[in-house]
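Residue numbers (this note's numbering): 29 to 396.
Beneath this line is the structure, given in structure tokens, with notes to follow.
Right, here's the structure in full:
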């Protein structure tokens, strides 16, 4: 009887130990999950913050180019060589003075390439079949910026060119995620921009790019180190959970959607386990991460940024940048539009805008 009692006590003791161990493991698992979920949220905010900045830069430069009368004259005269000369000169000066690498092109109303800043060999090439996003301009006159699939996956800012109410064509600035890829690398995170393989026939300039499962790698400056890990990855599981642990790395997922909210690919961020501690404190304010990112981006690309919170829209922001580029014949219309927009701001808001605009001008002088 005593032996039976001892066995019973021992059994209960072992059972309690097992329950405690299970509880500890489960609790630690929950803490780890919450930690990774918190990091995932931070990375998502940072990613979309940087993409928004790339889109703003592309749109701002496209708006400035749209005010260039020489570009409009080249279209009116059907002078493709002149169009290439104008674009290539502007983009080279931009690169020399700000270390910002952008590509621009002019498109005819029939969606044919008129001129591109980086080469002069594709004039007359049709874009309508590969650029479904251009259909937007059949019913809209406003500029548009979004991530789209064309001959390559990238950010495309497109602005219609009008003269006396006549559509002359479109000016477009292209970005290919270089700044965002570089930014994340500075934090020890490798970003992979993956386009859905369904667009293989459309993205003809990406057909020789490496493939990973049902995706094509879109960004040029990706790190080859983690490709083997990505090739073994269950993307459906990653998409469902938003982050997974593979080997000694954590992989985070964000969808890539075009302007019509169609899923066209995936952003995958790879972070080594050793870096998790740097991002895992749930009490950290995400603004610390984002504020550092803004300073970091400025050092990388040597260009100014302008906070969104001073403006009520991207369109309002563009007005101050266009002020010194408007042609004389369009200045009266520009002043009317500026007055209409700026009257919606309070006195204090206008003072803040003016001070910020002057600060940006001083920064540009230092860079040059």
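Yeah, the Cβ is synthetic: ideal placement off N, Cα and C, and Gly gets one too.
Pairwise C-alpha distance: residue 104 and residue 91: 19 Å
I need the straight-line Cα distance from residue 191 to residue 135, nearest angstrom please. 15 Å
Taking the continuous beta strand (DSSP E) assigned at residue 219, which residues delimit it? 218 to 224
Does the distance from the CB of residue 73 to the CB of residue 98 come in under 7 Å? no
As assigned by DSSP and simplified to three states, the class of residue 197: strand
Report yes if the C-beta distance between residue 200 and residue 133 is below 7 Å; otherwise report no. yes
According to DSSP, is residue 398 part of a helix, a strand, or is it coil? Nothing in the structure corresponds to residue 398, since the chain is present only between 29 and 396.
Would you check if the distance between the CB atom of residue 263 and the CB atom of residue 64 is smaller than 7 Å? no
Measure the beta-carbon distance from residue 248 to residue 204 and round it to whole angstroms, keeping in mind my assumption that it falls under 8 Å. 7 Å
Along the chain, where does the beta strand (DSSP E) that runs through residue 124 open and close? Looking at the DSSP string, residue 124 is not in any beta strand (DSSP E); the run it does join, the alpha helix (DSSP H), is 108 to 126.
Suppose the cutoff is 7 Å on Cβ atoms and the five residues either side in sequence are ignored; what does the same chain contact list for residue 278 look like? 64, 271, 299, 301 and 304
Simplified DSSP assignment, three categories, for residue 290: coil
Would you call the region 150 to 163 and the region 172 to 183 in contact, with 3 or more CB pairs under 8 Å? yes
If you follow the alpha helix (DSSP H) that residue 255 is part of, which residue opens it and which one closes it? 255 to 259
Over the uninterrupted alpha helix (DSSP H) stretch that includes residue 99, give me the two end residues. 97 to 104
Just to confirm the assignment, what range does the beta strand (DSSP E) spanning residue 213 have? No beta strand (DSSP E) contains residue 213, which is instead part of the alpha helix (DSSP H) from 206 to 214.
Between the C-alpha atoms of residue 241 and residue 258, what's the straight-line distance to the nearest angstrom? 8 Å
Please state the DSSP three-state secondary structure of residue 138. coil
For residue 215 versus residue 71, is the C-beta distance shorter than 7 Å? no
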